[in-house]
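Worksheet: one structure, shown below.
Number of protein chains: 2
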Amino acid sequence: MDSQQFREFGKAAIDLVADYIDNIREWEVLPSVEPGYLLDMQPENAPEEPGDWKDIIKDFNQTVMPGVTHWQSPRFHAFYPTGSSYASIVGNILADGLGVMGFSWLSSPACTELEVVTMNWLGKLLGLPEEFLNCSPGRGGGIIQGSASEATLVGLLVAKEKTVRKLMKNNPSLDEGGIKAKLIAYTSDQCNSSVEKSGLLGSMKMRLLKADADGRLRGETLKKAFDEDLAQGLIPCYVIANLGTTGTCAFDPLYELGPICNEYDVWLHVDAAYAGAAFICPEYRHLMRGVEFADSFDFNPHKWLLVNFDCSAMWVKDGLDLIKAFDVQRIYLDDIKTDTKIPDYRHWQIPLGRRFRALKLWTVMKIYGAERLRTHIREQIDLAQYFAKLVRSDARFVVEPEPSMGLVCFRLKSGDKITKTLLENLTNKKKVFMVAGSYRGRYIIRFVVCSRVTKKEDIEFSWNNIKEEADLICTPEVHEKPKIPALQHIETINICEKSK
Amino acid sequence: MDSQQFREFGKAAIDLVADYIDNIREWEVLPSVEPGYLLDMQPENAPEEPGDWKDIIKDFNQTVMPGVTHWQSPRFHAFYPTGSSYASIVGNILADGLGVMGFSWLSSPACTELEVVTMNWLGKLLGLPEEFLNCSPGRGGGIIQGSASEATLVGLLVAKEKTVRKLMKNNPSLDEGGIKAKLIAYTSDQCNSSVEKSGLLGSMKMRLLKADADGRLRGETLKKAFDEDLAQGLIPCYVIANLGTTGTCAFDPLYELGPICNEYDVWLHVDAAYAGAAFICPEYRHLMRGVEFADSFDFNPHKWLLVNFDCSAMWVKDGLDLIKAFDVQRIYLDDIKTDTKIPDYRHWQIPLGRRFRALKLWTVMKIYGAERLRTHIREQIDLAQYFAKLVRSDARFVVEPEPSMGLVCFRLKSGDKITKTLLENLTNKKKVFMVAGSYRGRYIIRFVVCSRVTKKEDIEFSWNNIKEEADLICTPEVHEKPKIPALQHIETINICEKSK
Numbered sequence: 036m037d038s039q040q041f042r043e044f045g046k047a048a049i050d051l052v053a054d055y056i057d058n059i060r061e062w063e064v065l066p067s068v069e070p071g072y073l074l075d076m077q078p079e080n081a082p083e084e085p086g087d088w089k090d091i092i093k094d095f096n097q098t099v100m101p102g103v104t105h106w107q108s109p110r111f112h113a114f115y116p117t118g119s120s121y122a123s124i125v126g127n128i129l130a131d132g133l134g135v136m137g138f139s140w141l142s143s144p145a146c147t148e149l150e151v152v153t154m155n156w157l158g159k160l161l162g163l164p165e166e167f168l169n170c171s172p173g174r175g176g177g178i179i180q181g182s183a184s185e186a187t188l189v190g191l192l193v194a195k196e197k198t199v200r201k202l203m204k205n206n207p208s209l210d211e212g213g214i215k216a217k218l219i220a221y222t223s224d225q226c227n228s229s230v231e232k233s234g235l236l237g238s239m240k241m242r243l244l245k246a247d248a249d250g251r252l253r254g255e256t257l258k259k260a261f262d263e264d265l266a267q268g269l270i271p272c273y274v275i276a277n278l279g280t281t282g283t284c285a286f287d288p289l290y291e292l293g294p295i296c297n298e299y300d301v302w303l304h305v306d307a308a309y310a311g312a313a314f315i316c317p318e319y320r321h322l323m324r325g326v327e328f329a330d331s332f333d334f335n336p337h338k339w340l341l342v343n344f345d346c347s348a349m350w351v352k353d354g355l356d357l358i359k360a361f362d363v364q365r366i367y368l369d370d371i372k373t374d375t376k377i378p379d380y381r382h383w384q385i386p387l388g389r390r391f392r393a394l395k396l397w398t399v400m401k402i403y404g405a406e407r408l409r410t411h412i413r414e415q416i417d418l419a420q421y422f423a424k425l426v427r428s429d430a431r432f433v434v435e436p437e438p439s440m441g442l443v444c445f446r447l448k449s450g451d452k453i454t455k456t457l458l459e460n461l462t463n464k465k466k467v468f469m470v471a472g473s474y475r476g477r478y479i480i481r482f483v484v485c486s487r488v489t490k491k492e493d494i495e496f497s498w499n500n501i502k503e504e505a506d507l508i509c510t511p512e513v514h515e516k517p518k519i520p521a522l523q524h525i526e527t528i529n530i531c532e533k534s535k
Numbered sequence: 036m037d038s039q040q041f042r043e044f045g046k047a048a049i050d051l052v053a054d055y056i057d058n059i060r061e062w063e064v065l066p067s068v069e070p071g072y073l074l075d076m077q078p079e080n081a082p083e084e085p086g087d088w089k090d091i092i093k094d095f096n097q098t099v100m101p102g103v104t105h106w107q108s109p110r111f112h113a114f115y116p117t118g119s120s121y122a123s124i125v126g127n128i129l130a131d132g133l134g135v136m137g138f139s140w141l142s143s144p145a146c147t148e149l150e151v152v153t154m155n156w157l158g159k160l161l162g163l164p165e166e167f168l169n170c171s172p173g174r175g176g177g178i179i180q181g182s183a184s185e186a187t188l189v190g191l192l193v194a195k196e197k198t199v200r201k202l203m204k205n206n207p208s209l210d211e212g213g214i215k216a217k218l219i220a221y222t223s224d225q226c227n228s229s230v231e232k233s234g235l236l237g238s239m240k241m242r243l244l245k246a247d248a249d250g251r252l253r254g255e256t257l258k259k260a261f262d263e264d265l266a267q268g269l270i271p272c273y274v275i276a277n278l279g280t281t282g283t284c285a286f287d288p289l290y291e292l293g294p295i296c297n298e299y300d301v302w303l304h305v306d307a308a309y310a311g312a313a314f315i316c317p318e319y320r321h322l323m324r325g326v327e328f329a330d331s332f333d334f335n336p337h338k339w340l341l342v343n344f345d346c347s348a349m350w351v352k353d354g355l356d357l358i359k360a361f362d363v364q365r366i367y368l369d370d371i372k373t374d375t376k377i378p379d380y381r382h383w384q385i386p387l388g389r390r391f392r393a394l395k396l397w398t399v400m401k402i403y404g405a406e407r408l409r410t411h412i413r414e415q416i417d418l419a420q421y422f423a424k425l426v427r428s429d430a431r432f433v434v435e436p437e438p439s440m441g442l443v444c445f446r447l448k449s450g451d452k453i454t455k456t457l458l459e460n461l462t463n464k465k466k467v468f469m470v471a472g473s474y475r476g477r478y479i480i481r482f483v484v485c486s487r488v489t490k491k492e493d494i495e496f497s498w499n500n501i502k503e504e505a506d507l508i509c510t511p512e513v514h515e516k517p518k519i520p521a522l523q524h525i526e527t528i529n530i531c532e533k534s535k
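Same order as they appear, the protein sequences are chains S and U.
According to our numbering, the first sequence holds residues 36 to 535 in order.
According to our numbering, the second sequence holds residues 36 to 535 in order.
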């Protein structure tokens with residue numbers, strides 16, 4: 036493919052993407068395919084001969100598109116958003132076009148330095164304490180990781196190495212393996228699966244402490260766990276606080292957890308994967324009160340801040356901790372001294388390779404500007420509030436807990452089973468996509484405002500689908516169709532209310 | 036930014052990338068900037084107001100471009116290639132446009148299934164044993180990881196979990212922590228830094244065994260290490276064989292290592308990050324003889340197979356091993372059963388999130404077709420051979436070891452110090468970029484054919500720069516400039532030859 040063909044192919048792809056978003060409401064949010072559909076449609080072997088780009092576009096439309104779940108659709112309310120925007124897509128084109136690696140400064144100075152610049156910009160937008168910023172006098176700084184999972188794991192590994200180092204310095208006769216076997220990590224039972232997985236991956240026992248009734252890990256719970264473990268000769272090493280849990284978007288009180296971690300000299304990592312984006316709006320920063328006690332902080336611009344996956348923004352107070360944990364030197368990498376002001380980012384992360392991810396973060400911040408990013412967050416929260424209002428206007432439903440950020444959890448008052456049926460039926464009808472959660476032992480449906488193109492009418496569309504499905508399942512089974520349709524409504528007994 | 040502006044911005048970016056590659060020889064391969072240059076050129080804070088895309092292109096050209104190391108330049112011969120192609124860039128545009136996650140089948144069926152399809156295609160193109168393929172009757176399969184580092188770490192963690200499970204099944208009274216502390220990983224002292232790092236990250240002691248004079252880890256060395264460790268009560272757990280070491284592109288003999296790993300029931304992972312791409316050409320497959328003994332195999336299409344970073348292709352013989360090691364279930368992820376035919380890929384990897392990376396692999400294989408991919412590999416190897424021939428035609432130089440794939444290692448006969456000076460001077464002049472290595476205790480310069488647009492004339496350009504620099508430094512220091520320039524050549528004493 037020569038550059039002229041690329042100009043054609045690339046521009047056709049741009050139009051395809053623009054058309055897709057322009058017409059995204061024409062797609063059912065969930066695809067109508069069975070497992071294995073694409074395996075059947077694609078040949079068993081790679082083509083031998085080169086293909087024409089027009090045929091590839093055709094093939095893409097005919098075979099790939101029918102199997103896509105439309106995460107950018109305003110009827111997609113599952114999980115949390117995965118960010119995307121025009122600005123981000125273009126940033127990535129530039130990054131792919133340059134095709135550089137940024138594992139050291141010399142390997143591509145702009146790649147490292149634009150990451151420093153944008154992570155400073157972003158840290159300031161969030162109102163993070165200055166210590167976390169590369170532009171502060173200390174050794175703090177930000178890095179783009181691939182995911183919150185990776186950031187949690189990086190924090191864990193660094194905390195482990197630091198704890199072992201500290202203990203062995205105080206008592207050189209200690210056995211490293213013996214120390215490692217005693218290290219414990221802590222988080223709440225509301226944590227994301229990726230947090231728990233980091234314990235598995237990093238070989239550290241992780242205690243999932245019981246959150247309070249509001250889904251928050253409280254200081255006294257943590258302190259009790261520390262004391263119990265210390266009494267048994269174990270070593271508290273790492274705490275992951277959740278700002279915006281996946282289930283219900285609850286916020287652990289950092290102002291309670293932080294001082295305890297500091298007192299016990301335990302690394303505190305903050306996982307604000309989804310909700311962290313909201314801290315660009317000052318009115319939400321009270322939810323991270325106590326962040327000054329943390330050692331590391333991570334949130335995903337690739338969730339709610341319009342940057343395409345992957346872009347997980349992590350800040351640490353002391354970059355030297357990372358370098359000490361991760362530095363493996365080789366002659367072919369021996370190109371420049373290591374400092375934390377212009378970091379050799381390979382020592383701040385798990386892989387060696389790293390591409391120019393700062394470009395998409397940069398184009399997003401430049402195209403939107405801070406003010407429009409804030410507007411985006413505020414509008415999405417308003418839309419969630421609007422949805423909650425609609426749900427509350429229907430007596431069959433209850434919204435709980437209180438909506439948080441772009442997430443509204445709700446259920447049918449009449450029981451878990453029928454709520455589950457409601458969700459299953461809606462999923463089968465493919466017009467609206469939500470997933471389940473649980474709250475205070477009850478089965479709930481999670482409704483998240485995900486798509487950046489969501490409007491009030493989209494919320495109404497989703498709500499109407501939910502309401503109509505509730506109308507259907509809240510009707511007792513009628514084995515014989517009533518002869519006079521007009522009477523149907525009168526005969527209906529709302530089992531939702533009755534079975535309560 | 037509305038879709039109309041995106042059409043303009045996106046198409047301008049396509050043209051920018053096409054122009055960049057069309058004119059890539061106009062750039063010096065290394066940038067002329069000092070550390071901190073971009074921090075000085077960019078404002079301290081993110082803009083408040085939205086920006087115009089034309090200004091962003093201008094800003095990109097004025098501030099980012101001057102700090103780029105041109106990995107796609109045919110004068111870039113450092114490290115190993117980082118893949119890029121027009122086909123791959125467009126594949127990524129489509130993936131970013133859809134903006135889906137593929138952690139489970141339902142989260143986007145096409146995302147999972149196209150990965151199964153393309154990994155089957157690719158595995159067949161490499162001639163991998165059928166057991167590794169998803170389309171075989173067993174539980175084998177392929178997955179796209181983010182990097183070879185990640186794949187090595189995944190293999191290590193799975194091997195660890197499997198070994199612990201096996202030992203505890205045989206003897207339930209054993210202590211898990213105790214077992215883990217005794218596990219040992221093995222690789223050669225020629226391994227990539229990322230391999231060694233996986234031991235650090237995965238908390239497993241890793242022995243870097245001495246490679247033979249040709250840089251290959253031999254079977255007898257491995258067997259001796261196993262026996263030594265077993266005698267000390269340690270537990271051999273994980274071996275990483277290198278097909279194409281970073282330093283000199285040496286190939287460990289799998290046919291020696293494999294049977295020993297099988298005999299001792301130790302997981303064998305093959306890291307063929309760079310060189311694996313060559314196995315699409317049948318004439319190079321003898322270099323992976325014995326691959327049937329391996330448990331996992333990884334190579335990076337994002338290195339030498341024209342796919343943009345990140346796309347690391349990993350196959351395992353038994354996907355269930357991964358699921359057992361990585362499965363952490365949550366209610367909001369409870370959407371479909373787990374099998375290895377249509378995998379829930381989140382259980383095959385470290386992060387939870389995963390984007391539609393198969394699209395770029397698919398567009399590359401469709402646009403090029405297998406035959407042109409093979410031609411690409413063969414042409415690059417021919418170019419490396421051509422470079423070696425040029426070096427050998429100059430008596431001051433020695434090429435060693437024998438060129439392997441796209442890598443030619445060479446040095447000045449007259450010593451390490453002057454070879455180092457040669458490399459430093461060339462780097463300072465920024466016309467050609469190579470990095471150092473070592474071979475049999477000697478300092479060598481690694482010359483890799485990296486750019487996909489490399490032509491014979493580019494090799495000549497690079498060689499001429501090297502030769503001219505050698506002409507300069509192989510001249511004895513002349514404190515007084517000779518009066519008659521024409522005599523200079525005659526008076527020159529080749530210190531390279533003399534000091535040998």
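Glycine included, each C-beta is placed from N, C-alpha and C at the ideal position.
For D362(S), the CB contacts under 6 angstroms within the same chain, skipping 5 residues up- and downstream, are H382 in chain order. Under DSSP, N499(S) takes part in no beta bridge, so it has no partner. For chain S, the residues of the segment 157-172 of chain U that bring a beta carbon within less than 8 angstroms of one of its beta carbons are L157, K159, L160 and C170, in chain order. Close CB contacts of S238(U) within its chain, under the 7 angstroms cut and outside five residues either way in sequence, are absent.
F328(U) places its beta carbon 8 angstroms or farther from that of W350(U). When Cβ-Cβ separations below 8 angstroms define contact, R242(S) makes no contact with chain U. DSSP places K240(S) within a strand segment (E or B) once states are collapsed to three. Residue contact check for W106(U) against chain S: a CB pair falls below 8 angstroms.
Within the segment 384-404 of chain S, those residues whose Cβ lies closer than 7 angstroms to any Cβ of chain U are, in chain order, I385, P386, L387, G388, R390, T398, M400, K401, I402, Y403 and G404.
Annotated three-state conformation of I214(S) is helix, per DSSP. DSSP, read as helix, strand or coil, puts S123(U) in helix. Fewer than three beta-carbon pairs drawn from the segment 90-105 of chain S and the segment 71-85 of chain U are found closer than 8 angstroms, and the two stretches are therefore not classed as touching.
Under the three-state reduction of DSSP output, R390(U) falls in the coil class, being neither helix nor strand. Using a CB distance below 8 angstroms, the part of the segment 123-144 of chain U facing chain S consists of S123, I124, V125, N127, I128, L129, D131, G132, L133, G134, V135, M136, W140, L141, S142, S143 and P144, ordered along the chain. Only exposed fits N58(S), as fewer than 16 other CB atoms lie within 10 angstroms of its CB. The three-state reading of DSSP puts N297(U) in helix, counting H, G and I together. DSSP links G177(S) through a beta bridge to W350(S). The alpha-carbon separation between K401(U) and Q40(S) amounts to approximately 14 angstroms. By the Cβ criterion, the segment 414-432 of chain S is in contact with the segment 481-493 of chain S, since at least three pairs of Cβ atoms, one from each stretch, lie closer than 8 angstroms. For L235(S), the nearest CB of chain U lies under 8 angstroms from its own CB, placing it at the interface with that chain. Using a Cβ distance threshold of 8 angstroms, E83(S) and G311(U) do not count as a contacting pair. Counting other Cβ atoms within 10 Å of its Cβ, A266(S) stays below 16 and is therefore classed as exposed. Contact of D57(U) with chain S by beta-carbon distance below 9 angstroms involves S38.
Within the segment 443-473 of chain S, those residues whose Cβ lies closer than 7 angstroms to any Cβ of chain U are, in chain order, V470, A471, G472 and S473. Note that the C-beta distance between L461(S) and V470(S) is not below 8 angstroms.
Near chain S, meaning a CB-to-CB distance below 7 angstroms, the residues of the segment 85-116 of chain U are P85, G86, W88, I91, F95, V99, G102, V103, T104, W106, Q107 and F114. Membership of I56(S) in the alpha helix (DSSP H) is indicated by the continuous run S38 to D57.
In the DSSP assignment, the residues bridged to R477(U) are Y474(U).
Here N155(S) is actually not in contact with K376(S); their C-beta atoms are around 11 angstroms apart, not less than 8 angstroms. Between D54(S) and E166(S), the alpha-carbon positions lie close to 44 angstroms from each other.
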